[in-house]
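K.L.:
Before I ask anything, here is the structure I am working with.
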Amino acid sequence: MVSKQACLKAAYYSLNDEAAFGHTWPDCSPLDLNSNCMTTSTVVSQAGILPGLPPFALAGVRLFCLLLCLSFFTGKTFAQQEPQFTKYMFNTLAYNPGYAGSREYMSIVAIHRDQWFGWGNGSESSGRPVSQTFSVHSPVSKSVGLGLNLTNDKVGAHKTTFVNASYAYRIGFGKGTLSVGLQAGALSWSANWNELVFKDAQVTDNAFNNGNPSKILPDFGAGFFYYTDKFYVGASLPHLAQFNLRSISGAEAELIRKWARNYRHFYLTAGGAIPLEGETLVFKPSILIKTVGFFPEFFKRGDLVREIGAPTVFDIDASFLFSKKLWLGASFRSAFAAFIKKNGKSSSFGSADIWASFLFDKGFRLGFAYDYPLSEIAKYSNGSFELMIGYDFYQEVEKVNTPRYF
């Protein structure tokens, strides 16, 4: 039977990383999450300042680092709320505004993700995550890049949409380019309780009897992206503001306020391009790390076993580009918690992924990805799928004869 507390948690919690809860999912059914499925974590960290930058760029970096420091003094944090994409390396703007304009030409990309295909009755109404992201960005001058990103995420009974415009200021730094970016926009959140199936004879919780809630909130973020022809590294906080998504009174008000919030996610990314046979064969490794609360596994606060519901998740990817046309890759996703035993137990791994992309003439791109879960979720789903389409206007730019590697 679905308890009231379980329904509350399911309704307010957008838990959509295989790695984040592979160790507890067998005890949970769709929209019936027990207390082991979601927990809390606290952390504190510090950030430094890059030296030797012009005043404008230095101010941007200082602002980013200040926001980074402040973001870690947040008390309790919860599990990953923002959607994940296996082909993250093809839409960096979705999580780092500093990426805007870095490709030196206009670039458009859209990705659709269907997670845990076959879960429940196989339809979207079963509560499995379904996500889309779209972005367009371009340099508008030698030092300025602009971008627009839209991300939509449907998990369980609730839906979240982000719309953000990005501004990036780029300067030469060492052998590469340092881009400091800011973004601003809006967040739309809504819940449709009609999608929940109650087994209780009568539902009396205020949370479900006051209509379908919705919120439109301001959203802003910051990030930096440093790149050369051979490698890149970046860090970002794409959604800095934290808001309560519900305002409700009653005995369960405190529980609702704790769970019904959007939380900051911190991203670290790095990658490179290594020619193996000139431009005929290029090896491209990359990594993306996403954390809520800044690495709670390594900065223990309280009972870490109980509070590990927001684990740090990483994606490691290795791909090969053949003749500037065909891109084949494989990746591994997991939480760091899978390698850390607590009380003799550890989390299970996340997923093993394969993907392919093809670059057609005139700049058109098409890609596909498949994730195979390495946890108990594999018993209940057929994995996750992604479809990507994109277009690069590199032929419109003088002296750019081929698309960039990243």
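When we follow the working numbering, the leftmost residue of the sequence shown carries the number 122, and every step to the right adds one.
Backbone N, C-alpha and C fix where the C-beta goes; we use that ideal spot for every residue, glycine too.
Quantities reported herein were computed from a predicted structural model and do not represent experimental measurements.
Based on the DSSP output, what are the partners of S440 in its beta bridges?
P.N.:
Translated into the one-based positions of the sequence shown, residue 440 becomes position 319. K405 and G450, per the DSSP bridge assignment.
K.L.:
Count Cβ pairs between the region 290-299 and the region 271-280 that sit closer than 8 Å; are there 3 or more?
P.N.:
no
K.L.:
DSSP three-state call for M227: helix, strand or coil?
P.N.:
The residue given as residue 227 occupies position 106 in the sequence shown. It is coil, neither helix nor strand.
K.L.:
Count the other CB atoms, across all protein chains shown, that sit within 10 Å of the CB of A362; report buried if there are 16 or more and exposed otherwise.
P.N.:
Reading the sequence shown from its first residue, position 241 is the one you call residue 362. The residue in question, A362, is exposed, as its Cβ has fewer than 16 Cβ neighbours within 10 Å.
K.L.:
Nearest CA to the CA of G511: which residue from A231, L449 and N217?
P.N.:
To locate residue 511, count along the sequence shown from 1; it is residue 390. Residue A231 is the option with its Cα nearest to G511.
K.L.:
Which residues in the same chain as T401 place their Cβ atom closer than 8 Å to its Cβ, once the five residues preceding and following it in sequence are excluded?
P.N.:
Residue numbering aside, residue 401 sits at position 280 when the sequence shown is read from its first letter. These residues qualify, in order along the chain: F443 and S444.
K.L.:
How close, in whole Å, do the beta carbons of A459 and F470 come, if the pair is a contact with beta carbons under 8 Å?
P.N.:
For the purposes of this step, residue 459 is taken as the residue at position 338 of the sequence shown. For the purposes of this step, residue 470 is taken as the residue at position 349 of the sequence shown. A459 to F470, Cβ: 5 Å. Contact.
K.L.:
Do N333 and F364 have their beta-carbon atoms positioned less than 8 Å apart in this structure?
P.N.:
Start at 1 with the first residue of the sequence shown, and residue 364 comes out as number 243. Start at 1 with the first residue of the sequence shown, and residue 333 comes out as number 212. No, the pair does not count as a contact, with Cβ atoms beyond the cut-off.
K.L.:
Confirm, please, whether the CB-CB distance from S259 to G222 is below 8 Å.
P.N.:
Here residue 222 is taken as the residue at index 101 of the sequence shown, counted from 1. Here residue 259 is taken as the residue at index 138 of the sequence shown, counted from 1. For G222 and S259, yes; Cβs fall inside 8 Å.
K.L.:
Counting C-beta neighbours from all protein chains within 10 Å, is the total for G399 16 or more, i.e. buried, or is it exposed?
P.N.:
By 1-based counting over the sequence shown, the position of residue 399 is 278. With fewer than 16 other Cβ atoms within 10 Å, it is exposed.
K.L.:
Could you give the distance in angstroms between the alpha-carbon of S287 and the alpha-carbon of G488?
P.N.:
On the sequence shown, residue 287 is found 166 positions in, with the first residue counted as 1. On the sequence shown, residue 488 is found 367 positions in, with the first residue counted as 1. Using only the alpha carbons, I get a separation of about 25 Å.
K.L.:
Measuring straight from C-alpha to C-alpha, what distance separates Q253 and F206?
P.N.:
Looking up residue 253 in the sequence shown gives position 132. Looking up residue 206 in the sequence shown gives position 85. The alpha-carbon atoms of Q253 and F206 are separated by roughly 9 Å.
K.L.:
For the beta strand (DSSP E) containing T272, name the first residue and the last one.
P.N.:
For the purposes of this step, residue 272 is taken as residue 151 along the sequence shown, with counting starting at 1. According to the DSSP assignment, T272 belongs to the beta strand (DSSP E) that extends over V265 to V276.
K.L.:
Leaving out five residues on either side along the sequence, give the residues of the same chain with a beta carbon under 8 Å from the beta carbon of V265.
P.N.:
Residue mapping note: residue 265 aligns to position 144 of the sequence shown, counting from 1. G222, Y288, A289, Y290 and R291.
K.L.:
List the endpoints of the continuous beta strand (DSSP E) containing A305.
P.N.:
As a position in the sequence shown, residue 305 is number 184, starting the count at 1. Segment G297 to A312, the beta strand (DSSP E) holding A305.
K.L.:
Contact defined as beta carbons within less than 8 Å: I believe F345 pairs with S311. What is the distance between those atoms, to the nearest angstrom?
P.N.:
Here residue 345 corresponds to residue number 224 of the sequence shown, with the count starting at 1. Here residue 311 corresponds to residue number 190 of the sequence shown, with the count starting at 1. Not confirmed; about 33 Å, so no contact.
K.L.:
Less than 8 Å between the beta carbons of P406 and D438, yes or no?
P.N.:
For the purposes of this step, residue 406 is identified with residue 285 of the sequence shown, where counting begins at 1. For the purposes of this step, residue 438 is identified with residue 317 of the sequence shown, where counting begins at 1. Contact: yes.
K.L.:
Cα-Cα, which of A473, Y209 and K446 is closest to I498?
P.N.:
Within the sequence shown, the letter at position 377 stands for residue 498. Its Cα nearest to that of I498, the residue A473 stands out among A473, Y209 and K446.
K.L.:
Nearest-angstrom Cα distance between D274 and R234?
P.N.:
Here residue 274 corresponds to residue number 153 of the sequence shown, with the count starting at 1. Here residue 234 corresponds to residue number 113 of the sequence shown, with the count starting at 1. Their backbone Cα atoms lie some 9 Å apart in a straight line.
K.L.:
Using three-state DSSP, classify D482 as helix, strand or coil.
P.N.:
Translated into positions along the sequence shown, residue 482 becomes position 361. Correct three-state label for D482: helix.
K.L.:
Let's test the definition: count the other Cβ atoms within 10 Å of the Cβ of P339 and tell me whether it reaches 16, buried, or not, exposed.
P.N.:
Counting from one through the sequence shown, the residue named residue 339 turns up at place 218. Exposed, by the Cβ-count rule.
K.L.:
For A456 and H360, what's the separation of their Cα atoms in angstroms?
P.N.:
To locate residue 456, count along the sequence shown from 1; it is residue 335. To locate residue 360, count along the sequence shown from 1; it is residue 239. Roughly 21 Å between the two C-alpha positions.
K.L.:
Relative to the alpha-carbon of F211, which residue among Y501, S496 and A477 has its alpha-carbon at the smallest distance?
P.N.:
Reading the sequence shown from its first residue, position 90 is the one you call residue 211. The option with the nearest alpha carbon to F211 is A477.
K.L.:
Under a CB-based cut-off of 8 Å, is N270 close to chain B?
P.N.:
Here there is only one protein chain, and chain B is not present.
K.L.:
Can you give me the Cβ contacts of F527 inside the same chain, cut-off strictly under 8 Å, excluding the 5 residues immediately before and after it?
P.N.:
As a first step, residue 527 is located in the sequence shown; it is residue number 406 there, counting from the start. The answer, listed in chain order, is M210, T213, Y348, Y353, G392, A394, K405 and S407.
K.L.:
Whole angstroms is fine: what's the gap from V318's alpha carbon to G239's?
P.N.:
Counting from one through the sequence shown, the residue named residue 318 turns up at place 197. Counting from one through the sequence shown, the residue named residue 239 turns up at place 118. The alpha-carbon of V318 is positioned some 19 Å away from that of G239.
K.L.:
Which residue or residues does DSSP assign as beta-bridge partners of S498?
P.N.:
Taking the first residue of the sequence shown as 1, we reach residue 498 at position 377. Note on identity: in this sequence residue 498 is Ile, with Ser being the wrong assignment. The partner list for I498 (beta bridge, DSSP) is empty, contrary to what the question assumes.
K.L.:
For A215, which residues of its own chain have a beta-carbon under 8 Å away from its beta-carbon, when the five flanking residues on both sides are left out?
P.N.:
Numbered from its first residue, the sequence shown carries residue 215 at position 94. Cβ within range, chain order: F206, Y209, T254, S256, N270, T272 and P359.
K.L.:
What is the DSSP secondary structure of N333, counted as helix, strand or coil?
P.N.:
Along the sequence shown, one-based indexing puts residue 333 at 212. Coil, per DSSP.
K.L.:
Quick one: residues in its chain with C-beta nearer than 6 Å to the C-beta of I410, no 5 flanking neighbours on either side, listed in chain order?
P.N.:
Taking the first residue of the sequence shown as 1, we reach residue 410 at position 289. The answer, listed in chain order, is L389 and F435.
K.L.:
Going by alpha carbons, who is nearest to A451 out of F479, D492 and R486?
P.N.:
As a first step, residue 451 is located in the sequence shown; it is residue number 330 there, counting from the start. The shortest Cα separation from A451 among F479, D492 and R486 belongs to D492.
K.L.:
Taking the beta strand (DSSP E) that P260 falls in, what are its first and last residues?
P.N.:
Numbered from its first residue, the sequence shown carries residue 260 at position 139. Looking at the DSSP string, the run of the beta strand (DSSP E) that includes P260 is V251 to P260.
K.L.:
Are there 16 or more other CB atoms within 10 angstroms of the CB of L447, so buried, or fewer, so exposed?
P.N.:
As a first step, residue 447 must be located in the sequence shown, where it is residue number 326. That one is exposed.
K.L.:
Does the beta carbon of V230 fall short of 7 Å from some heavy atom of the ligand MN?
P.N.:
The ligand MN is not among the ligands present in this structure, which contains no ligands whatsoever.
K.L.:
Are the beta-carbon atoms of N217 and S357 separated by less than 8 Å?
P.N.:
The count along the sequence shown starts at 1 and reaches residue 217 at position 96. The count along the sequence shown starts at 1 and reaches residue 357 at position 236. Yes, the pair counts as a contact, with Cβ atoms nearer than the cut-off.
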